[in-house]
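Letter by letter, the sequence shown follows residues 1068 to 1484 in the numbering used here.
Beta carbons are placed, not taken as given, at the ideal position from N, Cα and C, and that holds for glycine.
What follows is a short report on a single structure.
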Amino acid sequence: MLREALDGSPNAPDPSEARDSRSDPLDAPPRTRTEEVRAAGPGVGDGSEDGAAPAAQPTAVPMWEVASEPDLVLGKVDGPQEQLFQVIGGVAQMSGGSLAVVDSGRSQIFFFSESGEYLRTAGRYGEGPGELQAHRLLQARQYDRLVLASRLRISEAHEDGRIEPLLHGGLYGVRDWFRAVTPDGLVVQRLQNMGERMQRSGPRTEDDLVLRYDLSLSDWVELGRFRYEHRYIELLPQAAQRSFGLPLHAELSLAPTEQGVLVSVGNGNEMLHLGPDGSAKDTVRLPIEPRSVGRAEVEDWVEARLARHEHRGADAVSEIRDTYLGMPRPDEMPVVESLIPDPEGTVWVELASDAPEFPGAQWLALDEDWEVVGWLRLPEGFELSQVGSDFVLGTAFGPHGIGLVQRFQLRRLPAAD
């Protein structure tokens, strides 16, 4: 039954949003505007000197346990190089227990039982655009339903396989990057500087809006404007007009919370908690001191990166190496790489670089008071997508580059007294 559902010609559109497209958006005027929010700006806090709410110190923070082997693996089928999924655009274990895998290549969603038994497929494959062309799954605290975004439409899918339109692409533009789901709306990052910044070498400075689309009112609410340096880009003629940059500037990251949205932007150790109307609720400071960027770290990264350019020839590789090493570096390494919420009210912070305060940690767990209550180190090659009460779910690549979905059991440990 499952193999019959997969018949058809390969069709793997790019599921990513067009961050550097030159098209103009169909901008809808925000209903509420707030004052500009600077990266690492002051907040309400707990009465500390600069208004920031400090996260707990790491002395009594336990390492939470992740099983050494997955209890569930999806994606491998019979045959030496056979695979089930073409382009995984998101995975989630839903509130009812079933697992959903969004395949952006096949424009379908595969549903499995909690134990991994195939249940059903939603969406059409090989019959034109279908309902789910190039869709990707939006982040949520818990997945009572799946909300999926593409350039054409926003859709919601249910565990029984129903797919319903939620928002038509005519109501938003290509600059609108849908990021997350809240109980009453969708969180959107509106990219202000698309296109023009790619025409020259130099630093790419972002000036992005974070908005909430209120589904009940069919209206936009502006939560904040964030200005930050994304990364330095160099255009290289020898490399077929490809652009390259050092990954030493953090992206804008966000996660929905019970009372708003947590936003991290820039290379500092502070995050801003915004209310649903855009009001600043807290500035949260991680107990991690940003580290300076050393040339040795850059050299190690560059040498590891050059392997993928060897097919361009020795001259191009040499030029790319010299260009990378000649790029200006920020004063500090980024602290936050990404944010993920979970149904327990915890927000998971992926660290962009090693933190001496938490040796070996890849992820920190913040509770509703913004205290660090645990940290994780995940299996090698595992990309985290969702954290449940007692599991972590994500993706990995198996032999021959086969895309897999893996689930590991998680044990949350109490802090030491």
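- Pairwise C-beta distances place the stretch 1349-1364 in contact with the stretch 1395-1408, as three or more of them are shorter than 8 angstroms.
- Rounded to the nearest whole angstrom, the C-alpha separation of Leu1319 and Ser1331 is 6 angstroms.
- Its Cα nearest to that of Val1416, the residue Trp1437 stands out among Pro1423, Pro1397 and Trp1437.
- Between Val1351 and the set Leu1341, Ser1359 and Ser1217, the nearest pair of CA atoms involves Leu1341.
- Between Arg1271 and Arg1257 the beta-carbon gap is near 16 angstroms, outside 8 angstroms, which marks them as no contact.
- It is roughly 11 angstroms from the alpha-carbon of Ala1207 to the alpha-carbon of Leu1215.
- By the neighbour-count criterion, in which 16 or more other beta carbons inside 10 Å mark a residue as buried, His1202 falls on the buried side.
- Judged by pairs of C-beta atoms under 8 angstroms, the stretch 1442-1449 touches the stretch 1126-1142, as three or more such pairs exist.
- Taken in chain order, the complete beta strand (DSSP E) segments of 3 or more residues contained in the stretch 1161-1222 are 1166-1170, 1175-1179, 1185-1189 and 1213-1216.
- Beta-bridge partners of Trp1430 (DSSP): Glu1417 and Leu1443.
- Contact check for Ser1217 against Leu1233 fails: the beta carbons are separated by 8 angstroms or more.
- About 19 angstroms separates the beta carbon of Asp1457 from that of Gln1429, a gap too long to meet the 8 angstroms contact definition.
- Membership of Leu1451 in the beta strand (DSSP E) is indicated by the continuous run Glu1450 to Val1454.
- Residue Arg1187 holds the alpha-carbon nearest to the alpha-carbon of Gly1228 among Val1384, Arg1187 and Gly1252.
- When C-alpha distances from Leu1433 are compared across Pro1408, Arg1379 and His1376, the shortest belongs to Pro1408.
- Within a 10 Å sphere around the beta-carbon of Ala1371 sit fewer than 16 other beta-carbons, which makes this residue exposed.
- If you check the CB distance, Leu1278 and Glu1289 come in under 8 angstroms.
- Looking at the DSSP output, Leu1460 sits in a beta bridge with Gln1453 and Arg1474.
- Excluding its 5 nearest sequence neighbours in each direction, Met1338 has C-beta neighbours in its own chain below 6 angstroms: Leu1329, Ser1331 and Val1351, listed in chain order.
- Glu1337 is bridged by DSSP to Arg1352.
- Val1403: member of the beta strand (DSSP E) spanning Val1403 to Pro1408, first to last residue.
- For Gly1252, the closest C-alpha among the options Leu1238, Asp1275 and Leu1284 is that of Leu1284.
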